[in-house]
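Numbering (this note's numbering), first residue to last: 5 to 298.
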């Protein structure tokens, strides 16, 4: 009977202990769970880290460009100067696109010069462009070019028609008297079947129509052709030269006779004899510009 009379407080104590233990365990598990989660939050998956670095690199793509080889250029067009940093491994065609964005000149209307006419297919590194290099650009708007080229094209057609009616130039009396003198002693070497850019030195060792020695200097930075003789040097703006004609010398096809049309008629032709054949196309492109054909 005494055992049955145990107090209600005594009966509740074991249950309370169990509940307290459960609560303690529950809190402990929760603490461990939170700690584990916090630990996982601090852990960084290596793959995710690499991905994050990669994304950061991509987002700063503009800065990564500075890691490539750049060259500082001075682009000069129509009395305007542009300081440009450009990739050394870009091509001449890429540079023309850049010039288009700066000046508004379409690439086909540009005559770009660096030690001669700039080759579109080669890189700036290949043609040895260095820091501070001056790139000369000659070109006009489409309307200006059409206005200038119309008389040129008409003049070319007239000249071709006249040439078709006549015997070869080198057989005509006025040229024969010069050609019969033979090659000048200091004539420049010729390379048949090859096209080369203009050399950095004047073209010399040639005759003019009087049989006097003549040299041609291409002043690209001034867009002028200098025709020098013993007596004087004529400085001719390339834009004023209406046409350039040439013909291989019979029996010496590795040399040409060439004429620069300085006025509206055939009488204004300035004749030069014994021009090395490898420079003929470069002379025409430099004086008239490839853009004249577009």
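The C-beta atom is built at its ideal place from N, Cα and C for all residues, glycine as well. Only a predicted model underlies this, so the values are computations on that prediction, with no experimental measurement involved.
Assuming the contact rule is C-beta atoms closer than 8 Å, residue i and residue j should be a hit. Round their C-beta distance to whole Å, please.
| i | j | result |
| --- | --- | --- |
| residue 118 | residue 133 | 6 Å |
| residue 258 | residue 194 | 4 Å |
| residue 85 | residue 139 | Actually they are not in contact, since the Cβ atoms of residue 85 and residue 139 sit about 10 Å apart, beyond 8 Å. |
| residue 100 | residue 90 | Their Cβ separation, rounded to whole angstroms, is 11 Å, which puts residue 100 and residue 90 out of contact at 8 Å. |
| residue 109 | residue 143 | 4 Å |
Per DSSP, residue i forms a beta bridge with which residues?
| i | result |
| --- | --- |
| residue 87 | 78 |
| residue 266 | DSSP output for residue 266 lists no bridge partner at all. |
| residue 137 | 77 |
| residue 228 | 223 and 241 |
| residue 260 | 252 and 279 |
| residue 115 | 142 |
| residue 218 | 210 |
| residue 127 | 95 |
| residue 121 | 117 |
Please report how far the alpha carbon of residue i lies from the alpha carbon of residue j, in whole angstroms.
| i | j | result |
| --- | --- | --- |
| residue 349 | residue 200 | Past the boundaries of the shown model lies residue 349; the chain is included only from 5 to 298, so the question cannot be answered. |
| residue 179 | residue 82 | 39 Å |
| residue 181 | residue 106 | 51 Å |
| residue 126 | residue 206 | 24 Å |
| residue 277 | residue 235 | 18 Å |
| residue 230 | residue 75 | 31 Å |
| residue 58 | residue 286 | Confidence is the limiting factor: at residue 58 the pLDDT is only 39, short of 50, which leaves the residue's position unreliable, though a coordinate-based value still follows. One C-alpha to the other measures close to 48 Å. |
| residue 129 | residue 113 | 24 Å |
| residue 95 | residue 124 | 6 Å |
| residue 56 | residue 198 | Any reading at residue 56 is ruled out, since the residue's pLDDT is 41, under 50, leaving its predicted position unreliable. |
| residue 115 | residue 176 | 35 Å |
| residue 98 | residue 273 | 37 Å |
| residue 88 | residue 135 | 10 Å |
| residue 174 | residue 284 | 16 Å |
| residue 253 | residue 202 | 20 Å |
| residue 292 | residue 237 | 21 Å |
| residue 222 | residue 196 | 22 Å |
| residue 310 | residue 241 | Outside the displayed span of the chain (5 to 298) sits residue 310, for which this structure offers no information. |
| residue 262 | residue 275 | 6 Å |
| residue 192 | residue 72 | 41 Å |
| residue 239 | residue 104 | 30 Å |
Thinking C-alpha only, which one of the options is nearest residue i?
| i | options | result |
| --- | --- | --- |
| residue 212 | 220, 206 and 105 | 220 |
| residue 232 | 246, 217 and 245 | 217 |
| residue 93 | 177, 114 and 131 | 131 |
| residue 210 | 190, 228 and 176 | 190 |
| residue 243 | 265, 272, 252 and 237 | 265 |
| residue 227 | 263, 76 and 80 | 80 |
| residue 282 | 250, 89 and 273 | 250 |
| residue 255 | 104, 84, 128 and 183 | 183 |
| residue 185 | 202, 208 and 214 | 214 |
| residue 260 | 102, 98, 84 and 187 | 187 |
| residue 1 | 284, 248 and 91 | Residue 1 lies beyond the range of the chain shown here (5 to 298); nothing can be said about it. |
| residue 225 | 137, 208 and 263 | 137 |
| residue 120 | 274, 204 and 262 | 204 |
| residue 280 | 86, 223, 208 and 85 | 208 |
| residue 245 | 88, 270 and 108 | 270 |
The ligand MG and residue i: does the residue's C-beta get closer than 7 Å to at least one heavy atom of that ligand?
| i | result |
| --- | --- |
| residue 275 | This structure lacks the ligand MG; in fact it carries no ligand of any kind. |
Is the CB of residue i under 8 Å away from at least one CB in chain C?
| i | result |
| --- | --- |
| residue 239 | Protein chains in the displayed structure number just one, and chain C is not present. |
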